[in-house]
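Only one structure is covered here, and it is reproduced in the block below.
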Amino acid sequence: MGGVHPHDNKLSADSAIEQFPIMDRVYISMSQHLGSPAQPVVQKGDYVKTGQLIATASGFISANIHSSVSGVVVSVEPYKDISGNTVTHIVIDVQGDEWESSIDRSEELKREINLTPAEIIKRIGDCGVVGLGGASFPTHVKLSPPPGKTAEFLIINGAECEPYITSDYRLMVESPEEILIGTKVMMKALGVKKAYIGIEENKPLAIEKLKSFNYPDIEIVTLAKKYPQGGEKQLIKAITSREVPSMGLPIDAGVVVQNCGTAFAVYEAVQKNKPLFENVVTITGDCTQQQRNFRIRVGTPIEKILDQVGRLPKDAAKLISGGPMMGKAVSNISASTVKSTSSLLVLTEQQTKRQPEGECIRCAKCVQVCPMGLEPYLLNKLARLGRNEDLESERVYDCIECGSCMFTCPANIALLDYIRMAKADVLKIMRSRPKK
Amino acid sequence: MGTTLIFTIVVLTGLGVFLAVVLFIIAKKFNVQEDPRIDLVEAIMPGANCGGCGYAGCRAFAEACVKAGSLEGKFCPVGGNDVMMQVGEKLGVAVEQKAPMVAVVRCHGTCDNRPRTNFYDGTSSCKIMNSLYSGDTDCRFGCLGGGDCEKVCPFDAIKINPRTGLPEVDQDKCTACGACVRACPKNIIELRNKGPKNRRVYVSCMNKDKGVVAKKACSVACIGCRKCEKVCPFGAIKVEDNLSYIDFNKCKLCRKCIDECPTKAIWSVNFPVRVPKPQEVADEVSQVIEKEQ
Amino acid sequence: MRKLLVSPSPHIHGNESTRKIMRDVLIALTPSLLVSIYFFGFSAIQLVVVGALTCVGVEYFIQKYLMKIEPTVDDLSAAVTGVLLALNLPPSAPWWLMLIGSIVAIGVAKMTFGGLGHNIFNPALVGRVFLLVSFPVMMTDWSIPTSWFREGIDAATGATPLSIVKEGLSRGETLETILAAHPDLSYIEMLFIKTGGSVGEVSALALILGFIYLLVRKVVRPHIPVTILLTIALVSGIFWMIDPTQYTDPLFNILTGGVLLGSIFMATDYVTSPMTTKGMVIFGVGIGLITVLIRYFGAYPEGISFAILIMNSVVPLINKYIKPNRFGKEVKHG
């Protein structure tokens, strides 16, 4: 159902993952995950090692944060994130690169899983692993289904349906077995017998690599190339034919979905005892000098990363953290990366500048492409009028904000701007109602 | 011929009587007992249905007034004391007088004072912009210029000045209904005392960042230096979170703080232009001469 | 520091525009236009040019001087209306008839509702029906003007197949005798070139060519035209089987009159057709049914214009009650 076909533009697909140099100073955000910010446990002047715990989870939905470098803590202060909002950061002056001794730094693959399910979940939580698909939901929470609900399948999301981004693709090509072991680890934690890895058909090399290993209970599924194929609900539907109910979670359909980057991070956390403090970031754009994939330490300033590929080109108009369909525009380039930064994309004005809005010609293209079966033209109109009750009965809360409607609109109407706002308002109203 | 006429008259009369009975029964059965005073009170209301009183519209407010039996906590900001007095008379209850209020925009980050650091390219709406990021300047507390206040104002009293990018309130049209106050996602707009002869003194800044950061983002930002707090003879000024606030109930409009403020973040409106005393002019002239020498 | 653009996602656009869509519709109409010009010569050119220019002019005037907004005639939607209206008139229609029709189409049917996207009825069809009821003689004068391209070809035919049949039946003749008297009413002739009919109805093949172009460019979806044609075939087939001497056969009904022009270019008009696939099917079935009923039992020989306009008026209801298949079961909450 629905979907659009933006141009692929996987410019950096053939560039192998390179280790990004460590900068002089890193700024590690305390809010790198969904939920409440982590509590710093180090102070100004402390010496920390790479991989050392520097902030602990506060509350049920939260995650630990580890130092990505070794050095001296300079300050624990609010700094601006990519959107200009202030968040507490731990600033560390780098001295060498001394790792925590507990981390297994050998190249060797560790296949056998020795920990019990409860130990696995605890280890994942301790290592601060979060979902790397975009929402940064703490992984250990996702692997502990609420009482009364059980998972039947685990789905690993390797669709990477957003144009430009190649970080997941490179990871699947370069570390296929690590991802498979990570998947096995999560299967053990969840107690499921069957897992699927869904990959879009435009990544034949990744499919071939993953299929070349013998993991009989992990099935590699080739998916049609379509945006948003990697949307959680769409992926579940494509692989299991099950539909997640409205307002429901994947677990309501008996499924847990994890990103393939997360599977890799889980492997490193559980098998190698390495906390999540570095991740693969694609630096790309048609106008940049180079399109490359780097493994970057968390907290590296974006400015410094751009310097490495030859600064921002002259005709750069927008910098996006993430993909062009759902990524976030960066307003503050001195901000630093977080665990879930998957891509830094530079677009030119011609590619990204919005055209003036026209009149809706009721072409129904938005209705056709909506992957959730909604009517964006109607929601947009109701949202502009502030008719929250009608919006609720039209199920605005089901919107996954994929942007397909706005991508396809011939009248350049800012459909999603208003629908997103209305969705937030309506959800707020619904949550404020007393539960029966 | 004759029979047709008689037949027609009989049928029509019969129909008329029958329908009258039906109408009568329906009117009796579905009669709604309503306090007639609601209509009276509603007639007094300005009829703007702005919601400034906190009710859905003028009728809802009238109903609430009649039902409650007292006017405590009820006030129509548009009609002001006059209308409330009339309502009080009609209902025979006491009315509390309120000082007239006006909406005040507490940001002076014009394009000159507060340089833009990026360009917003989305829908022109403060609400959407605010949920996306901190804004197109380095000040994350200041006006976004999206014009949500202008859109909600039922009285056409607040308008974005295209030159400064900031909203300006027409104090004659403003009824202090508070629609703009609720619409502003940055909480910049405040209802303040209209003041004697419309004279007001207020801090035109909402920046709670530290002085250095604030000053860097905007040349007229409050830097929280506390000079105003110290100079105020009436204890009307409080500095909290690096931001000064003048309590309009305590302020006596002496304007000492204005001269003291190093960033000119405190504003006074509707005061006569101050004519310098001869001695002051002489001092200034001599200072200029000294400098030039 | 460089000043970047910031906006909510998505950050790229699919490069479609109203103008491009309208341009594609005009391109799809070109085969039919060429055939008409070949067949009717200057009168076809005259009607199309007058129609397009008047429609664009009226829209420009109304937007600029009455609505006082920036004119949007460069989106080509007015031009499409003008060309479509021209294709719906008899070839012998004078230019001033076209002028009046265009003014009604844009001035009354489109701009009074607020312009592009707000009109309930298809403007070109409103223009045509207005002319049909106001100038019934001129609008049913099917005599064929001379053309430079086809001198020497017999141009005597003065009626459409539908009106020939309607008149014959009303005289009490049976279909067999009517068709025997008119050997030129063969399917082959209808498919390629038929002599009687309005400007755009000349060649069914040219219209189908346009349809294929629209489908390839994904400007329209096949649902509406296909359901209209299927419904017409089905309903007329039932009647035909009951009494083949009184009711024309399905193929005849599809190839004659404005069915193809109407179902491909008029019923698929974005503004006046439903938003959902299910709605489109309902819309198409309604049009097909009403068309056949008017043809068989109505006073007019042709009914598709009325059928589309009638169904246009139902579209808001269809949009309100026919919803797309939502993703995920709704869980009752609260």
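Protein chains in written order, with my numbering: chain A, 3 to 438; chain Z, 11 to 303; chain F, 5 to 338.
Positions of the beta carbon are idealized from the N, C-alpha and C atoms, including for glycine.
- Q310(A) and S134(Z) have their C-alpha atoms roughly 35 Å apart.
- In terms of CA proximity to P412(A), R27(F) leads the group R27(F), S96(F), P12(F), P98(F).
- In the DSSP assignment, V348(A) falls within the unbroken beta strand (DSSP E) covering 345 to 350.
- By the Cβ test, the stretch 140 to 159 of chain Z is in contact with the stretch 192 to 199 of chain Z, since at least three Cβ pairs between them sit closer than 8 Å.
- Inside the stretch 202 to 253 of chain A, DSSP marks whole beta strand (DSSP E) runs of 3 or more residues at positions 220 to 225, from first to last along the chain.
- Across the stretch 361 to 372 of chain A, CB contacts with chain F closer than 7 Å involve E361, C362, I363, R364, C365, A366, V369, in sequence order along the chain.
- In this structure A58(Z) touches V88(Z) by the C-beta definition: roughly 5 Å separates them, less than 8 Å.
- Counting along the chain, the unbroken beta strand (DSSP E) around D95(A) starts and ends at 88 to 96.
- Its chain contains A48, V203, V206 as the residues whose beta carbon lies nearer than 6 Å to that of S40(F), once the 5 sequence neighbours on both sides are disregarded; these appear in chain order.
- Around the beta carbon of L111(A), fewer than 16 other beta carbons sit within 10 angstroms, so the residue counts as exposed.
- Under DSSP, Y130(Z) takes part in a beta bridge, and its partners are V10(F).
- The Cβ of P278(F) sits no closer than 8 Å to any Cβ of chain Z.
- Residue pairing by DSSP places V258(A) opposite L156(A) in a beta bridge.
- Proximity to Q43(Z) across A227(Z), Y65(Z), E73(Z), K287(Z) peaks at E73(Z), based on C-alpha coordinates.
- Spatial neighbours of S146(A) in its own chain (CB-CB distance under 7 Å, excluding positions within 5 residues in sequence) are listed in chain order as I123.
- For T133(Z), the nearest beta carbon of chain A is closer than 8 Å to its own beta carbon.
- If you look at I312(F), you'll find it isn't in any beta strand (DSSP E); it sits in the alpha helix (DSSP H) that goes 308 to 325.
- In terms of CA proximity to I232(F), M284(F) leads the group G201(F), M284(F), L57(F), T249(F).
- Annotation: the stretch 317 to 377 of chain A contains the following complete segments of the beta strand (DSSP E) (minimum length 3 residues), in chain order: 318 to 323, 345 to 350.
- In this structure, D16(A) sits away from N204(A), with a CB-CB distance that is not shorter than 8 Å.
- Within the stretch 254 to 277 of chain F, contact with chain A at the beta-carbon level (separation under 7 Å) is assigned to Y274, V275.
- Three or more beta-carbon pairs separated by less than 8 Å link the stretch 105 to 120 of chain Z to the stretch 172 to 191 of chain Z, which places the two stretches in contact.
- By the rule that beta-carbons nearer than 8 Å mark a contact, T23(Z) does not touch chain F.
- The residue among L117(A), R356(A), V50(A), R422(A) with its C-alpha nearest the C-alpha of L192(A) is L117(A).
- W100(F) sits in a helix when the DSSP states are folded into three classes.
- By the C-beta criterion, the stretch 257 to 266 of chain A is judged to be in contact with the stretch 169 to 178 of chain A, since at least 3 inter-stretch pairs fall below 8 Å.
- Excluding the 5 residues flanking it on each side, G62(Z) has same chain C-beta neighbours closer than 8 Å at C86, P87, V88, T185, A186, C187, G188, A189, in chain order.
- Between N252(Z) and K220(Z) a beta carbon distance of about 6 Å is seen, short of the 8 Å cut, so the two are scored as contacting.
- The C-beta of D317(A) comes no closer than 8 Å to any C-beta of chain Z.
- G26(Z) has its alpha-carbon roughly 10 Å from the corresponding atom of V20(Z).
- Between Y69(F) and V77(F), the CB-CB gap reaches or exceeds 8 Å.
- In this structure, G201(F) sits near T164(F), with a CB-CB distance shorter than 8 Å.
- When C-beta atoms of the stretch 363 to 370 of chain A are compared with those of the stretch 263 to 271 of chain F, fewer than three pairs fall below 8 Å, so the two segments do not count as touching.
- T181(F) sits exposed, since fewer than 16 C-beta atoms from the chains shown fall within 10 Å of its C-beta.
- The shortest C-alpha to C-alpha distance from T34(F) to any of L209(F), V130(F), P94(F) is the one to L209(F).
- A direct Cα-Cα distance of roughly 9 Å separates R297(A) from P23(A).
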